[in-house]
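Below is one structure, written out as structure tokens; the observations come after it.
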Amino acid sequence: MRYRSSYFHLVVFVLLASFSSALQAEQEVYRWVDDDGVVHFADRPVDPRAQRTGLHFESTNPDSVQKRLMQRDYEENQAAASETEQAESAAIEATRRAEEARTRDLQCNAARERYQVYTTAPRLYETLPGGERRYLTENELAAAREEAQADVDKWCD
Numbered sequence: 113m114r115y116r117s118s119y120f121h122l123v124v125f126v127l128l129a130s131f132s133s134a135l136q137a138e139q140e141v142y143r144w145v146d147d148d149g150v151v152h153f154a155d156r157p158v159d160p161r162a163q164r165t166g167l168h169f170e171s172t173n174p175d176s177v178q179k180r181l182m183q184r185d186y187e188e189n190q191a192a193a194s195e196t197e198q199a200e201s202a203a204i205e206a207t208r209r210a211e212e213a214r215t216r217d218l219q220c221n222a223a224r225e226r227y228q229v230y231t232t233a234p235r236l237y238e239t240l241p242g243g244e245r246r247y248l249t250e251n252e253l254a255a256a257r258e259e260a261q262a263d264v265d266k267w268c269d
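Per this note's numbering, numbering through the sequence shown is continuous, rising by one, with the last residue being 269.
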């Protein structure tokens, strides 16, 4: 019989403890604004202007928290993927521009060399399919020099 009595006292104690913690969850807080306009909160009234404000605590819904965390993780992953995609796209664009600049540089050098040869050579010729040379006329030479100058203008900035 003594065992049941101590068990009963234990149950009553646990219930009272849980009720007291539930009552403590709804405590009073005092709020006031000082002369500088700063808002203060305290558990005891420190200033005569303090107004009693009640605090109410509610348990958090675990499903709601989990949903918010999953949404935040999803958004962070999307942002990271977008940043990665932008970085890759920028790297591809930089590579393309570098290749284009290298190609333009090569074409410019070739055009300048060709123009240099065309303007300094007294005569130009073209090689025929049989290996023979046909020398350009003055008009053809002038046209070839103009074409070489146009290539320099096109490829060199």
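Note that the Cβ used here is the ideal one computed from N, Cα and C, for glycine as well.
Let me know the secondary structure DSSP gives residue 134 once reduced to three states. At residue 134, the pLDDT of 49 sits below 50, so the modelled position is not reliable; the number obtained from the coordinates is stated separately. Residue 134: helix per DSSP, three-state reduction.
Per DSSP, cross-strand counterpart(s) of residue 152: 144
Those residues which DSSP pairs with residue 166 across a bridge: 140
Please report the residue range of the beta strand (DSSP E) in which residue 238 lies. 237-239
Taking all protein chains shown into account, do 16 or more other C-beta atoms lie within 10 angstroms of the C-beta of residue 227, making it buried, or fewer, making it exposed? buried
Ends of the beta strand (DSSP E) at residue 246? 245-247
Sequence-distant residues of its chain with Cβ nearer than 7 Å to residue 246 (five each side left out): 237, 238 and 240
Pull up the distance between the alpha-carbon of residue 269 and that of residue 213, whole angstroms please. 11 Å
Is it buried or exposed for residue 223, if we count other Cβ within 10 angstroms and need 16 for buried? buried
Throw me the rounded Cβ distance for the residue 151 and residue 145 pair, which I believe falls under 8 Å. 5 Å
What does the alpha-carbon distance come out to for the pair residue 134 and residue 171? Note that residue 134 scores 49 on pLDDT, short of 50, meaning its location in the model is unreliable; the coordinates nonetheless yield the value given after this. The straight-line gap from Cα to Cα measures roughly 11 Å.
What residues in its chain sit with their C-beta under 7 Å from that of residue 271, if we drop five residues either side in the sequence? Since the first residue of the chain shown is 113 and the last is 269, residue 271 is not available in this structure.
Assuming contact is defined by CB atoms lying nearer than 8 Å, are residue 180 and residue 165 in contact in what I supplied? no
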